Each structure stands twice: as C-alpha cells, then as structure tokens.
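Okay, so here's the structure we're looking at.
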Amino acid sequence: MLLKNGGLGAAMKSLKEYTKKREWRQTGGMPESAGFHSKGYRRYFEGYSEYLVEKPNGRRKIERVYTGVYHKQELNHMQRIWIRTFYCISFGMSLLLFLFCATRNVPSNYSWYVATAEAVSTASLFWTLCCLFHYMTAGENMTLYEYHCVDKLKKAVKWTSGALFGISVTTAIYILLHMKEDISGELACLVSALGASGMCMEIYMAEKKIRYASFLSPNKAPEQSNQIDL
319 MLLKNGGLGA AMKSLKEYTK KREWRQTGGM PESAGFHSKG YRRYFEGYSE YLVEKPNGRR
379 KIERVYTGVY HKQELNHMQR IWIRTFYCIS FGMSLLLFLF CATRNVPSNY SWYVATAEAV
439 STASLFWTLC CLFHYMTAGE NMTLYEYHCV DKLKKAVKWT SGALFGISVT TAIYILLHMK
499 EDISGELACL VSALGASGMC MEIYMAEKKI RYASFLSPNK APEQSNQIDL
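Numbering (this note's numbering), first residue to last: 319 to 548.
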C-alpha cells in the first residue's frame, strides 16, 4: 500500500532532504533553523535569505537580507499618502456608523438574527483593522509578505462590507415583521449600516484599481545562505 500510494518514496525523499540539511548545518553552510521553520515564520520572511554570522563572543546568530521580489504601487509619494488617508477615514467612518447602529437601544438589536449579523460584522471589522495596520506600515517597496497583506485587505473589506449589508437586510426583515410599531430607530440603524457597508466597499474598489509593478531585489544573497520560501 505504501509503495502504491508513494508513501515510502515520499518518506525516503524527506529523509534524504533532512540528512542533506543536517550536513549543511554541521558544515556551517546553512542556518541551524533553516528548512525547519514554522509556516508562519516562512510566510513572514518569504523572499529573505538568511545566513549565519559569528559574533565577537564566538556565538553565531542568524542575519537576513531580502533577495526576493518587490512589489510597488504605481503611485507617486503624494498619491500614496492620499490613498492611505482615504482608507483610514473611510474605515473610521464605517466603524463609527456601525457603533451608532449596534449600540442603539432599539428592539431590532435584541432580535437574534440582527444580533448575529452584528456579531459577524464586529469580527469582520477587527479583521479589517488588522489588515489595514499591516497595509499602513508596509514600505514603498513591498516584500512578498507585505504584498500578500494587500490581498488580505481586499478580502477583509469585501467581507466586512457584506457583513454590514447583512445588518441592513436583517433590520429590514425586522421592520417588515413589526410594521405596527415605531420603527424610526430601526430605520436609522438600517441607513447607518448601509453607509458603513458602502465605506468599506469604497476601500475595496479603490484598492482594486491600483496597479503594482514587480521587480527583483537588488540585494545579493550572501554565500552559504538559504532563501526562505513557502
């Protein structure tokens, strides 16, 4: 069964790779942890070349230099500042509108389906905030990790826009089911959620239009270094 499924062959190949890397580490040709990093480590340092450097006290440490592909927005300096300012303002407005909607003491906010939509939106907004932070702190020349954060930001704001729109839909359902009651508070929540959804969608549409140029890093990989890949 192992031979049929290639399990034994894969195990032997893995053993050979382990032995080879072990020999490289023993001869100083490869950092001790190279090849055995966690997936999160490799994702963060993807494109970097790491190598061993001996310190004055005789101990060795791992140094890294970026030798992978850079991605750069085809925008000038002022355009980059403007687009980041626009994203921050749009997200801030979306967050304020959501808080206005979710914290109002209206009957619809106590219904399970509206509360569920608000809970999903809360998680989505936090996800967007994390992605936006990585986007804002990225350099002009983005590493592979920073460039992947751009895709994550687009996914996050698109999902968040949908979640906020879901609040509007569930609130509208509540209004239709309770037409005899005073629904002015629910209407305010519905409009606020729609506005919050639109703000997030604006970020998605703006980022989708930005073009990126790709080029190889001018940094040279030191001898006996190991490039980190996924």
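Think of the CB as a built atom: it goes at the ideal place given N, C-alpha and C, for glycine as much as any other residue. Bear in mind the structure is a predicted one, so any value in this text is a computation, not a measurement.
Can you give me the start and stop residues for the beta strand (DSSP E) that residue i sits inside?
i, result
"Phe533", "530–534"
"Val424", "Neither: Val424 is in no beta strand (DSSP E) and is coded neither H nor E."
Give the range of the alpha helix (DSSP H) segment to which residue i is assigned.
i, result
"Lys373", "Where Lys373 is concerned, there is no enclosing alpha helix (DSSP H), given that its DSSP letter is neither H nor E."
"His389", "Per DSSP, His389 belongs to no alpha helix (DSSP H); it is in the beta strand (DSSP E), 387–391."
"Arg515", "Contrary to the premise, residue 515 reads as Ser rather than Arg in this sequence. First-last of the alpha helix (DSSP H) with Ser515: 502–527."
Identify every residue that forms a DSSP beta bridge with residue i.
i, result
"Tyr384", "Tyr366"
"Met460", "His389"
"Asn537", "None, per the DSSP bridge assignment."
"Gln545", "Ser367"
Once DSSP output is grouped into helix, strand and coil, what is the label at residue i?
i, result
"Gln397", "helix"
"Met411", "helix"
"Ser442", "helix"
"Met454", "helix"
"Ser356", "coil"
"Phe483", "helix"
"Glu436", "helix"
"His496", "coil"
Measuring only between beta-carbons, confirm whether residue i sits less than 8 Å from chain D.
i, result
"Ala490", "The structure shown has no chain D; it contains just one protein chain."
Output needed for residue i: all residues of its chain with C-beta closer than 7 Å, excluding positions within five of it in sequence on either side, in chain order.
i, result
"Asn537", "Val383, Tyr384, Thr385"
"Thr488", "Tyr431, Val432, Ala435"
"Gly513", "Leu415"
"Leu534", "Val387"
Among the residues of its own chain, which have a CB less than 8 Å from the CB of residue i, if the five just before and after it don't count?
i, result
"Leu505", "Ile493"
"Arg398", "Gln391, Glu458"
"Leu553", "In the structure as shown, the chain starts at 319 and stops at 548, and residue 553 therefore has no counterpart that could be examined."
For residue i, which residues of its own chain have a beta-carbon under 6 Å away from its beta-carbon, when the five flanking residues on both sides are left out?
i, result
"Ala539", "Ser367, Thr385"
"Tyr594", "The structure shown does not extend to residue 594, since the chain is modelled only from 319 through 548, so no value can be given for it."
"Gly484", "Ala435"
"Thr446", "Ala474, Val475, Thr478"
"Ser408", "Met517, Glu520, Ile521"
(Q) Can you confirm whether the stretch 463–480 touches the stretch 514–532 when touching is taken to mean that 3 or more C-beta pairs between the two stretches lie within less than 8 Å? (A) The answer is yes - the stretch 463–480 touches the stretch 514–532, with three or more Cβ pairs under 8 Å.
(Q) Does the structure place the stretch 448–462 close enough to the stretch 414–430 that three or more beta carbon pairs sit under 8 Å? (A) No, the stretch 414–430 is not in contact with the stretch 448–462.
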